[in-house]
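Residue numbers (my numbering), protein chains in the order written: chain A, 1 to 251; chain B, 1001 to 1257. Every residue, glycine too, gets a C-beta built ideally from N, C-alpha and C.
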Amino acid sequence: MILRKSKNKDDVVIKVSHVSKHFNVYYDKANTLKERMIFFNRNKKEVRNVLQDINLEIKKGETVALIGVNGSGKSTLLKLLTKIIYPNSGTIEIKGKLTSLLELGAGFHPDFSGRENIYFNASIFGLNKTQIDKRIDDIIAFSELGEYIDNPIRTYSSGMYMRLAFAVAINVDADILLIDEVLAVGDQHFQEKCLNKMKELKSEGKTMVFVSHSMDAVKFLCDRSVWLYNGKIREDGNTDKVIKEYLKECA
Amino acid sequence: MKLFKELYQYREFLKTSIRKEFRGKYKKSFLGVLWSFINPLLQLLVYALVFPFIMRVQVENYTMFLVVTLIPWNFFNATVCQSTSTIIASSGIIKKVYFPREILPISNVTSNLLNFLISCIIIVAALFISGIGIGPSIIYLPIIVLLQYIFSLAISFILSSITVYIRDLEYFVSVLMMLWFYLTPVLYEITMIPAKFRAIFNLNPMVHIITAYRDILYYQKTPDMLVIFGMLGGCILLLVLGYFIFNKCEKKFAEEL
Chain A
1 MILRKSKNKD
11 DVVIKVSHVS
21 KHFNVYYDKA
31 NTLKERMIFF
41 NRNKKEVRNV
51 LQDINLEIKK
61 GETVALIGVN
71 GSGKSTLLKL
81 LTKIIYPNSG
91 TIEIKGKLTS
101 LLELGAGFHP
111 DFSGRENIYF
121 NASIFGLNKT
131 QIDKRIDDII
141 AFSELGEYID
151 NPIRTYSSGM
161 YMRLAFAVAI
171 NVDADILLID
181 EVLAVGDQHF
191 QEKCLNKMKE
201 LKSEGKTMVF
211 VSHSMDAVKF
221 LCDRSVWLYN
231 GKIREDGNTD
241 KVIKEYLKEC
251 A
Chain B
1001 MKLFKELYQY
1011 REFLKTSIRK
1021 EFRGKYKKSF
1031 LGVLWSFINP
1041 LLQLLVYALV
1051 FPFIMRVQVE
1061 NYTMFLVVTL
1071 IPWNFFNATV
1081 CQSTSTIIAS
1091 SGIIKKVYFP
1101 REILPISNVT
1111 SNLLNFLISC
1121 IIIVAALFIS
1131 GIGIGPSIIY
1141 LPIIVLLQYI
1151 FSLAISFILS
1161 SITVYIRDLE
1171 YFVSVLMMLW
1181 FYLTPVLYEI
1191 TMIPAKFRAI
1201 FNLNPMVHII
1211 TAYRDILYYQ
1221 KTPDMLVIFG
1231 MLGGCILLLV
1241 LGYFIFNKCE
1251 KKFAEEL
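As structure tokens, this is what we get:
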């Protein structure tokens, strides 16, 4: 089964068809029953369409960038792909193991050491103990934390925290990686290291969806870009071409 | 089926989550896990003083009569009371990553089960000290514990998911549990209830579970197996219903929290 899949390079691993998502924005939400009964007229809400009729197919091994201004629905689309939220209409099909680097360090506990937190964090990504044992040296090496790994992470600087979180997420060994503007922290050296690691994963045939405002990173990593504009796909195609159009609009 | 496969895949997270909840409960206290013993012992002391001496309950060996039911009840009570906050307390990770959300109620009930099993040492010790001992009827005990686990899990599924939408439930449940406690024969015998009300009382599943504990441990006789198997069927149905409700609700957790 897996063999057949890897042979056929053109396999679609992410298929988004006719997906729409809206959020109800309450002005003053009545959360308890009492408030609901007393302020029944206060429950005014506004429906905000975040994504409208999105169609997207991503094939195995592709590295796709999502670009667009703030509020254009990039993060919402990634959240839909990870199944943190569900679409109001349309369907999303995913083939293979998917890991998201939406928010790094989920489940990190400040009082525990870096090493223990690697176990917590990796277990949330669905790894079992033996799998984590096998990867732990790679993770620690990648994080460059050295001896600090056994200190409680509340003593870490924000850069160290980020490095540890990224090191876990990148070593989860998923088929599909979703990455949301997480490189903003970290120094130049670590950013480059992450980009190179992602390039390496790309050459191993992993599928990646990458959200970034850094056009240099997008050009470095992605062959294909999708430009989201007001919840719709405005442009989809070769990175150089899409970025040129996008920058023209932004200017 | 898909659920079991996912739960198996995320078993490490399930384990850490149970461990965290179990250890985290007494983390900041000096006596730590010892509270699993001290708490029920003190509670027991209160009831064992109030009922025979102040209320003049005429039951032979009342302390033992109480031990075998109060500790199982505490297991149920703690599970239900905590279930209302299980999802809300984990809102941080729910909004960040995907994992089977069912893990949260499951680890709530399981960590309380572990706590209960530790407290069972009190029951066993008390049974030997008082001279009652343990009879062959003990072999039925695992069935009753399983039954209670399934029932608690079903309730935990329902309450944990609905509380996300109606936050009042949290406060309502704690009052309801007090009423439920007095409607269940923990402090008294079901035969003390007038026969005409008995039928209504019997609708409460906890009546049968608690009575079974007392039959097995205090009277050392076989519980009414017909009732137990009927309950087992009913609780499994309730669990399926609870899971269905949870499944309906979980899709919007990340947005509602």
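- For L80/A, the enclosing alpha helix (DSSP H) has its first and last residue at 74-82.
- By the criterion of a C-beta distance shorter than 7 Å, P87/A is surrounded in its chain by V19, S20, K21, L80, once the five residues flanking it on both sides are discounted.
- Here N171/A really is in contact with F142/A; their C-beta atoms are around 7 Å apart, less than 8 Å.
- Per the DSSP secondary-structure output, R48/A pairs in a beta bridge with F23/A.
- Separation of the CB atoms of L164/A and G126/A is rounded to 19 Å, and the pair is thereby denied contact status at 8 Å.
- Between the C-alpha atoms of V50/A and F1022/B there is a straight-line separation of about 40 Å.
- T1191/B sits exposed, since fewer than 16 C-beta atoms from the chains shown fall within 10 Å of its C-beta.
- Taking every protein chain shown into account, the CB of T155/A has fewer than 16 other CB atoms within 10 angstroms, so this residue is exposed.
- Closer than 7 Å to the CB of V1097/B there is at least one CB belonging to chain A.
- Note that the C-beta distance between I1216/B and L1141/B is below 7 Å.
- Along the region 1009-1022 of chain B, going in chain order, the ones with a CB nearer than 7 Å to a CB of chain A are Q1009, Y1010, R1011, E1012, F1013, T1016.
- Ranking V16/A, A167/A, D180/A by CA distance to the CA of K193/A puts A167/A first.
- Residue contact with chain A for K1251/B: present (Cβ-Cβ distance below 7 Å to some residue of chain A).
- Per DSSP, reduced to three states, the secondary structure at N1108/B is helical.
- Pairing T91/A with V16/A, the inter-Cα distance amounts to about 6 Å.
- In this chain, the beta strand (DSSP E) harbouring R224/A covers 224-229.
- The region 63-75 of chain A and the region 223-238 of chain A touch, with three or more beta-carbon pairs separated by less than 8 Å.
- V64/A places its beta carbon less than 7 Å from that of R224/A.
- Residue contact with chain A for A1254/B: present (Cβ-Cβ distance below 7 Å to some residue of chain A).
- Secondary structure at V1068/B: helix, using DSSP grouped into helix, strand and coil.
- T130/A sits exposed, since fewer than 16 C-beta atoms from the chains shown fall within 10 Å of its C-beta.
- When the five nearest sequence neighbours on each side are left out, the beta carbons in the same chain lying within less than 7 Å of the beta carbon of C222/A are those of T63, V64, A65, F210, T239, in order along the chain.
- Judged by DSSP in its simplified three-state form, F1197/B adopts helix.
- No Cβ-Cβ contact shorter than 7 Å links L178/A with L77/A.
- For N70/A, no alpha helix (DSSP H) encloses it, and the DSSP letter there is neither H nor E.
- Chain order gives no chain A residues near I1087/B, where near means a beta carbon separation below 8 Å; the closest approach is about 14 Å.
- By the Cβ-count criterion, L1104/B is buried, with 16 or more other Cβ atoms from all chains shown falling within 10 Å of its own Cβ.
- Cβ atoms of F1151/B and N1112/B stay farther apart than 8 Å, at about 13 Å.
- The beta-carbon of S123/A is placed less than 7 Å from the nearest beta-carbon of chain B.
- For N128/A, the residues of chain B that pass the 7 Å Cβ criterion are R1011, E1012, in the order they occur in the chain.
- In the DSSP secondary-structure assignment, I54/A is bridged to V19/A.
- Within chain B, not a single residue places a beta-carbon under 7 Å from that of Y161/A; the smallest gap is close to 14 Å.
- Near chain B, meaning a CB-to-CB distance below 8 Å, the residues of the region 80-97 of chain A are T82, K83, I84, I85, Y86.
- Rounded to whole angstroms, G205/A and E1102/B show a C-alpha spacing of 33 Å.
- Proximity of chain A to I1093/B at the Cβ level (cut-off 7 Å) is accounted for by A106, G107, I124, in chain order.
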